[in-house]
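The next block holds one structure in the form of structure tokens; read it before the comments.
Protein chains: 2
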Amino acid sequence: MITWKNLDTLESYKALCATEKINLVEAMSGEAGAERVKTYTVPMGAGMDFNFASRPVDDKILSVLADFAKEQQLPEKFAALYNGEIINTGEKRRVLHHMCRGQLGDAVVADGVDKREFYLGEQARIAEFVNKVHNGEITNAKGEKFTTVCQIGIGGSDLGPRAIYLALENWAKVNNTLKMKAAFISNVDPDDAAGVLSTLDLSRSIFVLVSKSGTTLETLTNESFVKDALAKAGLDASRHMVAVTSETSPLAKSSDYLAAFFMDDYIGGRFSSSSGVGGCVLSLAFGPEVFADFLKGAAEADEIAKSADLLQNPAMLDALIGVYERNVLGYPTTAVLPYSQALSRFPAHLQQLDMESNGKSVNRFGEPVNYVTGPVIFGEPGTNGQHSFYQLLHQGTDIIPLQFVGFRKSQMDTDIVIQDSTSQQKLAANVAAQIVAFACGKQDDNLNKNFKGGRPSSIIIGEKLTPAAVGALLAHFENKVMFQGFSWNVNSFDQEGVQLGKVLAKKVLAHETDGALKVYSDLLGI
Amino acid sequence: MITWKNLDTLESYKALCATEKINLVEAMSGEAGAERVKTYTVPMGAGMDFNFASRPVDDKILSVLADFAKEQQLPEKFAALYNGEIINTGEKRRVLHHMCRGQLGDAVVADGVDKREFYLGEQARIAEFVNKVHNGEITNAKGEKFTTVCQIGIGGSDLGPRAIYLALENWAKVNNTLKMKAAFISNVDPDDAAGVLSTLDLSRSIFVLVSKSGTTLETLTNESFVKDALAKAGLDASRHMVAVTSETSPLAKSSDYLAAFFMDDYIGGRFSSSSGVGGCVLSLAFGPEVFADFLKGAAEADEIAKSADLLQNPAMLDALIGVYERNVLGYPTTAVLPYSQALSRFPAHLQQLDMESNGKSVNRFGEPVNYVTGPVIFGEPGTNGQHSFYQLLHQGTDIIPLQFVGFRKSQMDTDIVIQDSTSQQKLAANVAAQIVAFACGKQDDNLNKNFKGGRPSSIIIGEKLTPAAVGALLAHFENKVMFQGFSWNVNSFDQEGVQLGKVLAKKVLAHETDGALKVYSDLLGI
């Protein structure tokens, strides 16, 4: 029997607040520090490890966090989710994105359809279509092969798929599996579409229109923008466009598209990268096999996230240490810092995933909560960030917990030795150095050169950023966000906070405004 | 006579803490709200306006902030800076980036050189070189024109120039002044250089190596990486590379470069976009005239920032309202939200500018301060952010002040009418709607759909994102950061917090580690 409880009603949360805080500088120094790095690590799928040695916990705090996981029934709540209960209470929907990549529990039949079969079926339909594009069965009107795929979508239909494409573009190049270049149009700013289109050969481009509802303003506007450009180029838009949408959307049966692929209301936008939302564009870009490998990595991380043993469950562990940092230690922000240029837009995806899921002030029953929930998430790849905002992270007045990601090998395997080390070694050396610099600091009598340390971080370490590794990374953070939502007792799967702006924007466009809104509209020339 | 004082010693700061806070929902509602939007606005150069109607201030608070500006001698400190005093106390340097774009006060002669003439002279040398590249006097070995410029630099040698290039790339396309495409290599990750090089025609590319000291690890490594690639392509690297550095650097007199252009120690990296650091790559990309227009916009904003009248000085006003939000209201984070896809990397530049300048815990004399200093800065372009992290901004448990930027016209002037409005109108309508949604909120009995409002923002409004507008935007934020540094009495122009990581990374590469650092290094395969 699952009970949904607010954070501050839990006995284990009270115990957590009462635990003695650790001195991270001491804990991470000397042989004890070395021992922590060796033991505070747990496999997270696809050959990667989640190492939490530099997070501000010790065995005592971990034991209280394990009590917390049990009292808040985190494993049971995850099981309820993947077994198909209505976890998204706000919108009264199931939450089934895990089924796009594996069968974690019971079969879920909804509206007479086995949902796992439905998602697999759509993947198979996408793969079949993609293979026809790649082998030249589906071409442009002149019989020429398509060379570029351009996704039209915004938010969850853009950030995840774009981040994953960039994560694997160079990997695919060197593995001879970059079938088509990908581009992305998202913003309603006309310069976004016009700028992207100016770089494409329209006659050889296929556009993937992604909108679950089929009513997203930005996406429909950009679809028209693209159709207009295709028409001006003398091309038949319906031969250049596919739709990814729900079966009930106005796009589903339209003859405007070469094909339509489906997801449903049980796949939230920010959790949709492993559905057709990511699957169509990524399969076109890299081939269905690469996308399947990506799903395998995600499925592996999902399986690990089922463990009821906190110390064997990196997503739950990451989530609960994050709750401790946020609610007990009072840190309002978290930075995501991948030491991999290929992950340059991964922090932007996590920013949506985390902030849109858990940036809530009411619990799942719509009652106000008396504690802070989701933090601000931001980040850039290292070593770039070191030459940018790390100054504040090291010596600023606030403490910002950090989430590093690092790999032993580069993707492209093109490297040079300068001063006895490769660039990849320099990259890896820098992330190792930063973790210790943040944790341990360094005393200096000149306080301007003094580093207090005590700044917590974890690191995910992998061999190489492969499709499976990207899948596991994605699933790790999806599951982390889910466990944090359960911990705070919020509904991580709706987003009512985006509605008011939409309503007011419509009023502005209809010139139905007064007061401040009218003056702002005038100043902006509307 | 200037006196440098800590924030918490100021009478006006104590008065500020004691002022009554405003109710933003009330203040922005009805006719009073409309009146605020009309009156709380001030020109900021290049035809743009800084509108602060939705920031949490009223006439009383503004009057105390004016007292604060006077007591903390902000105009006098800015004058001391541009007149050449040693404002960067940590490194004992002058701070002269304003001189790259104008003569704000006295001539500054250092080491026998008139610095304004020096910077102007380098601009002229760059323009002369660039014109020769554009007109084909300087070519590759085969006599073919260069078509692409690739900047090699990191931090301040990357973020600002890259953000400005992206801001003007599409504008230049439609104004027939995109002379050369630009690319950027920054990260020591070998996949960054290898990935970028795989997209370039090396034989037609010119590389701009940017390092003031001539010793930046990442940049020198990437230079070798590029030279290696050029050699493998049978090209003479010295015919494909220029340096931007200081006259005393090892790069200055090397025969490895077609030319070397100079800045000096009085131009900090994150303030160097208007020096040769930005000037060389941007002039090659767009032509020297476009870069000159950019400088004119910056100079205009600088002139406005000299005003001792707070209400006529948008940079000072933005700075002091920010201090009020940070220190009195306790908000730890600020988001920068440009409603312009062209400004997609502008928030990343501001992130460095702000966090590296003011993320400090000691004052300019090296004494610890007892108050918080620089906030975390993050942001993405709108409307994209609306479909990502705005959920937390609207309904999360923390309040995040917002800095919007919006324009009446698009850059490329390619647009379509859908549902009676253009995309540009939809874009502008959305930013107007968001400001009011954040400020006023909307009550709903269903608390999950309730918007409390009271979330402050300002907006910079311009006609179009032109070179001058980009210059004024850049200078506005540079000057804002400077005024905040003066307010907190920190040295905004050094960055000692980046040193420890460098030292430890060297130890890792030399295998001179023990304890936790050794284990992390082992795990990362170094």
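Line order of the protein sequences matches chains G and H. All residue numbers in the first sequence are consecutive under the working numbering, ending with 530. All residue numbers in the second sequence are consecutive under the working numbering, ending with 530. No residue lacks a Cβ here, since even glycine has one placed at the ideal position from N, Cα and C. Because the structure is a prediction, the values reported are computed rather than measured.
Buried versus exposed, by CB contacts within 10 Å (16 or more), residue i
{"i": "C21 (chain G)", "result": "exposed"}
{"i": "S259 (chain H)", "result": "exposed"}
{"i": "T252 (chain H)", "result": "exposed"}
{"i": "N226 (chain H)", "result": "buried"}
{"i": "D205 (chain H)", "result": "exposed"}
{"i": "G157 (chain G)", "result": "buried"}
{"i": "D424 (chain H)", "result": "exposed"}
{"i": "T203 (chain H)", "result": "exposed"}
Interface flag, residue i vs chain G, CB-CB below 8 Å
{"i": "V113 (chain H)", "result": "no"}
{"i": "S190 (chain H)", "result": "yes"}
{"i": "V435 (chain H)", "result": "yes"}
{"i": "T426 (chain H)", "result": "yes"}
{"i": "F350 (chain H)", "result": "no"}
{"i": "L321 (chain H)", "result": "no"}
{"i": "K96 (chain H)", "result": "no"}
{"i": "P60 (chain H)", "result": "no"}
{"i": "R459 (chain H)", "result": "no"}
{"i": "Q356 (chain H)", "result": "yes"}
{"i": "R412 (chain H)", "result": "yes"}
{"i": "T143 (chain H)", "result": "no"}
{"i": "I465 (chain H)", "result": "yes"}
{"i": "V512 (chain H)", "result": "yes"}
{"i": "F497 (chain H)", "result": "no"}
{"i": "K453 (chain H)", "result": "yes"}
{"i": "E500 (chain H)", "result": "yes"}
{"i": "Q316 (chain H)", "result": "no"}
Neighbourhood of residue i by C-beta distance below 6 Å, restricted to the same chain and skipping five residues each side
{"i": "S209 (chain H)", "result": "T152 and C154"}
{"i": "D322 (chain G)", "result": "K484"}
{"i": "F54 (chain H)", "result": "V46, M48, P318 and I464"}
{"i": "P79 (chain H)", "result": "A312"}
{"i": "D297 (chain G)", "result": "P471 and A472"}
{"i": "G159 (chain G)", "result": "G273"}
{"i": "M103 (chain G)", "result": "K119, R120 and Y123"}
{"i": "L201 (chain H)", "result": "A233"}
{"i": "A247 (chain G)", "result": "L213, L255, Y261 and A264"}
Residue-chain proximity (residue i, chain H), Cβ-Cβ < 8 Å
{"i": "R208 (chain G)", "result": "no"}
{"i": "I168 (chain G)", "result": "no"}
{"i": "S16 (chain G)", "result": "no"}
{"i": "K146 (chain G)", "result": "no"}
{"i": "G159 (chain G)", "result": "yes"}
{"i": "D195 (chain G)", "result": "yes"}
{"i": "P336 (chain G)", "result": "yes"}
{"i": "Y524 (chain G)", "result": "yes"}
{"i": "L239 (chain G)", "result": "no"}
{"i": "K64 (chain G)", "result": "no"}
{"i": "N450 (chain G)", "result": "yes"}
Beta-carbon proximity list for residue i, same chain, < 7 Å, skipping 5 on both sides
{"i": "R105 (chain H)", "result": "S278, L299, A302, A303 and D306"}
{"i": "A84 (chain H)", "result": "I6 and I91"}
{"i": "M184 (chain G)", "result": "F150, T151, T152, V153, L288 and A289"}
{"i": "T564 (chain H)", "result": "Lying before the first or after the last residue shown, residue 564 (chain H) is absent from chain H, which here runs from 5 to 530."}
{"i": "Q428 (chain G)", "result": "K413, S414 and D419"}
Other residues of its chain near residue i: CB distance less than 8 Å, five sequence neighbours each side excluded
{"i": "T343 (chain G)", "result": "Note that residue 343 (chain G) corresponds to Tyr in the displayed sequence, not to Thr. So the qualifying residues of the chain are P385, G386, T387, F408, V409, G410, F411, L431, A432, N434 and V435."}
{"i": "E542 (chain H)", "result": "Not covered by the structure: residue 542 (chain H). The range shown for chain H is 5 to 530."}
Any non-hydrogen atom of the ligand FAD closer than 7 Å to residue i Cβ
{"i": "G282 (chain G)", "result": "No copy of the ligand FAD occurs in the structure displayed, which carries no ligand at all."}
Problem set entry | Length-filtered (4 minimum) alpha helix (DSSP H) runs lying within the region 287-365 of chain H | 292-309, 318-327 and 350-362
Problem set entry | Contacting positions in the region 371-386 of chain G - beta carbon closer than 9 Å to chain H | E371, P372, V373, Y375, V376, T377, G378, P379, V380, I381, F382, G383, E384, P385 and G386
For this session: May I have a chain-ordered list of the beta strand (DSSP E) segments no shorter than 3 residues that lie completely inside the region 449-519 of chain H?
Result: 461-466
Exercise. Of all the residues that make up the region 40-55 of chain G, which are near chain H by a beta-carbon distance shorter than 9 Å?
Worked result: If the cut-off is 9 Å between Cβ atoms, the region 40-55 of chain G has R40, V41, K42, T45, D53 and N55 near chain H.
Exercise. Using Cβ-Cβ distances below 9 Å, what residues of the region 469-481 of chain G are close to chain H?
Worked result: L469
Problem set entry | Unbroken stretches of the alpha helix (DSSP H), 4 residues or longer, contained in the region 19-89 of chain H | 28-31, 34-43, 63-75 and 78-86
For this session: Can you check the region 214-248 of chain H for any alpha helix (DSSP H) of at least 4 residues that lies completely inside it and give the ranges in chain order?
Result: Segments of the alpha helix (DSSP H) lying fully in the region 214-248 of chain H: 221-236.
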